[in-house]
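Enquirer: I'd like to ask you about the structure that follows.
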Amino acid sequence: MTEADSPDHDGPEPGSEEPVRDDAVREDLTPWFRPLFELSDPKEHGPLDWAAVFPQAGPVELDVGSGRGRFTNEGAAARPGVNFCGIEHDFTAARRGAKRLKRDRSPNARVFGGDAVRFLREFVPAGSVAAVHVLYPDPWWKRRHRKRRLLGEALGPEFLDLILNALAPDGRLHVRTDVGEYFEGIAALLDDCPRLVRRENPLDETAAAIERQASGVPLTNYERKAVVGPDRPDFRTDATVHAAVWTVISAGEPGAQAPAGERSESVLSPPSAASTAGACAPGSPA
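Count the sequence shown with our numbering and you get residues 1 to 286, in order.
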């Protein structure tokens, strides 16, 4: 089932306190899965220390709304030098992915259970993330629910500021969705931000899914169903996937680059020239 097939629902609004779910206290998946409510209060102890989260040093990439964790899990396996961090409000889905990480004893992938807005605002250190992936965000189909869209008109400006605060120099924001009008709104928001520059579409998403899978680029569950072929009942040929990557830029030092040791070995494209990260300037269209 692709994003466009999913029914609307009355789940928690982004930014709201996440519910405590029964399955959050079952099998011990530490350190691969941690609910936010188990973490130390960031108001007292500050944001996360990535060195304490991951046993290895390396760039950190966030998978916002990581779902069952396929992108996070496969990305970590394919790129052992990069630390992948998923954030997912659905504990059942998050734990499902974390169980695979536990089985594989993955050293470079972790999943947190809770709200992405709160996670970025309170737990992610400023300027510490090499890339943020927002893949197939919930479109909240009903008109009265569209205020809940993470990158929509209501929440988008604040959420974008949180992302930019998290991104390191040369950081990248990668967005994919199969909802055309949602992507148009996202692109308008991000294109208007003076701290970001859009790169060329990194991939012809639908046509190149098989090629990406063969080359080791991780797919989401949505994309995998399209890759497996028309013999599956949920195979779709009508879903057009829209994707783009925006890179943090610096007006002061347009030619500056992050130190080589801090760059992420991106599966999307080579690192671009940039320098400092930060939120969009106050009063900007974003």
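Glycine is no exception: its CB is placed at the ideal position from the N, C-alpha and C atoms.
Just so it is clear, the structure is predicted and the values come from calculations on it, not from any experiment.
Thinking C-beta only, is residue 84 closer than 7 Å to residue 78?
Expert: The residue you call residue 78 lines up with position 78 of the sequence shown. The residue you call residue 84 lines up with position 84 of the sequence shown. No, they are not a contact pair.
Enquirer: Measure from the alpha carbon of residue 199 to the alpha carbon of each residue in 62, 249, 118, then state which is nearest.
Expert: Here residue 199 refers to the residue found at position 199 when the sequence shown is read from its first residue. Ranking the options by Cα distance to residue 199, first place goes to 249.
Enquirer: Between residue 148 and residue 53, what straight-line distance do the alpha-carbon atoms span, to the nearest angstrom?
Expert: As a position in the sequence shown, residue 148 is number 148, starting the count at 1. As a position in the sequence shown, residue 53 is number 53, starting the count at 1. Between residue 148 and residue 53, the C-alpha separation is close to 29 Å.
Enquirer: So for residue 89, helix, strand or coil by DSSP?
Expert: The residue you call residue 89 lines up with position 89 of the sequence shown. Residue 89: coil per DSSP, three-state reduction.
Enquirer: Could you tell me whether the Cβ of residue 51 comes closer than 7 Å to any Cβ of chain C?
Expert: Among the protein chains of the structure shown there is no chain C, as only one such chain exists.
Enquirer: May I ask you to list the residues that DSSP assigns as paired with residue 29?
Expert: Position 29 of the sequence shown, counted from the start, is the residue given in the question as residue 29. Answer by DSSP bridge pairing: none, since residue 29 is not bridged.
Enquirer: Near residue 191, what residues of its chain come up, given a Cβ to Cβ distance below 7 Å and the 5 sequence neighbours on each side ignored?
Expert: The count along the sequence shown starts at 1 and reaches residue 191 at position 191. So the qualifying residues of the chain are 198.
Enquirer: Compute the Euclidean distance between the alpha carbons of residue 111 and residue 98, then round it to the nearest angstrom.
Expert: Position 111 of the sequence shown, counting from 1, holds the residue named residue 111. Position 98 of the sequence shown, counting from 1, holds the residue named residue 98. Cα-Cα distance, rounded: 7 Å.
Enquirer: Beta carbon of residue 81, beta carbon of residue 69: below 7 Å?
Expert: Here the question's residue 81 lines up with position 81 in the sequence shown. Here the question's residue 69 lines up with position 69 in the sequence shown. Not closer than 7 Å, so no.
Enquirer: How about residue 171 and residue 130: are their beta carbons less than 7 Å apart?
Expert: In the sequence shown, the residue the question calls residue 171 occupies position 171. In the sequence shown, the residue the question calls residue 130 occupies position 130. For residue 171 and residue 130, yes; Cβs fall inside 7 Å.
Enquirer: If you follow the alpha helix (DSSP H) that residue 187 is in, where does it begin and where does it stop?
Expert: Counting from one through the sequence shown, the residue named residue 187 turns up at place 187. 180-191 is the span of the alpha helix (DSSP H), which, as asked, contains residue 187.
Enquirer: How about residue 132 and residue 62: do their beta carbons lie closer than 7 Å?
Expert: Here residue 132 corresponds to residue number 132 of the sequence shown, with the count starting at 1. Here residue 62 corresponds to residue number 62 of the sequence shown, with the count starting at 1. Yes. Within cutoff.
Enquirer: Quick check on residue 246: does DSSP put it in helix, strand or coil?
Expert: On the sequence shown, residue 246 is found 246 positions in, with the first residue counted as 1. Reduced to three states, the DSSP call for residue 246 is strand.
Enquirer: Taking buried to mean at least 16 other C-beta atoms within 10 Å of its own C-beta, is residue 137 buried or exposed?
Expert: Along the sequence shown, one-based indexing puts residue 137 at 137. When all chains shown are included, residue 137 counts as buried.
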